[in-house]
Amino acid sequence: IFIRIISGGALLAFILEVRSIVKYRSIDCKETQEGIKYLKKNKSEIKLNLASDTKIRQWLQRHFLIQNGQLIKDENDPQKFSILSTPSILSQPVPRGPV
Numbered sequence: 322i323f324i325r326i327i328s329g330g331a332l333l334a335f336i337l338e339v340r341s342i343v344k345y346r347s348i349d350c351k352e353t354q355e356g357i358k359y360l361k362k363n364k365s366e367i368k369l370n371l372a373s374d375t376k377i378r379q380w381l382q383r384h385f386l387i388q389n390g391q392l393i394k395d396e397n398d399p400q401k402f403s404i405l406s407t408p409s410i411l412s413q414p415v416p417r418g419p420v
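Take the position in the sequence shown, starting the count at 1, then add 321; the result is the number in the working numbering.
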């Protein structure tokens with residue numbers, strides 16, 4: 322009976338861990354990854370060359386300062402863009418396995 326209790330607890334821990342990883346890699350996380358990838362690839366360009374209905378453009382408009390279709394650079398560091406709000410996925414801890 323003791324072995325069944327331990328096995329059940331291990332199975333429950335495994336299910337909770339997989340669930341938290343799936344939740345972390347949800348659609349919000351994918352949008353954030355795509356937006357960051359776009360910014361890294363096009364960091365020298367200020368002008369947005371994206372259609373207004375694309376998910377990446379909508380994500381950029383939610384989180385970055387944009388005027389006249391251009392991303393606004395940070396005054397103190399021209400290599401960075403001015404951010405309006407941090408994506409909520411970045412405030413969540415990364416799921417870790419029970420080590």
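Heads up, the beta-carbon is just placed ideally off N, CA and C, and yes, glycines get one too.
Open item on the list: Is the separation between the beta-carbon of L386 and that of L369 shorter than 8 Å?
Closed with: Mapped onto the sequence shown, residue 386 falls at position 65. Mapped onto the sequence shown, residue 369 falls at position 48. It is not a contact, given that the beta carbons lie outside the stated cut-off.
Open item on the list: Tell me the rounded alpha-carbon separation between T375 and E352.
Closed with: Taking the first residue of the sequence shown as position 1, residue 375 is located at position 54. Taking the first residue of the sequence shown as position 1, residue 352 is located at position 31. Their Cα atoms are separated by approximately 11 Å.
Open item on the list: Looking at the secondary structure, which residues open and close the alpha helix (DSSP H) in which E338 lies?
Closed with: Looking up residue 338 in the sequence shown gives position 17. It spans F323 to Y345 - the alpha helix (DSSP H) in which E338 sits, taken as one unbroken run.
TODO: Go ahead and pull the three-state DSSP assignment for I357.
DONE: As a position in the sequence shown, residue 357 is number 36, starting the count at 1. Note: I357 maps to helix in three-state DSSP.
- [ ] State the DSSP-derived secondary structure class of K362, mapped to helix, strand or coil.
- [x] Taking the sequence shown and counting its residues from 1, one reaches residue 362 at position 41. DSSP places K362 in helix when its eight states are reduced to three.
Open item on the list: Let me confirm a value: L381 is counted as buried when at least 16 other C-beta atoms fall within 10 Å, else exposed. Which label applies?
Closed with: Residue mapping note: residue 381 aligns to position 60 of the sequence shown, counting from 1. Burial call: buried.
Open item on the list: Suppose contacts are defined by Cβ-Cβ distances below 8 Å. Is G356 in contact with I377 by that definition?
Closed with: As a working note, residue 356 is residue 35 in the sequence shown. As a working note, residue 377 is residue 56 in the sequence shown. Contact flag set, yes.
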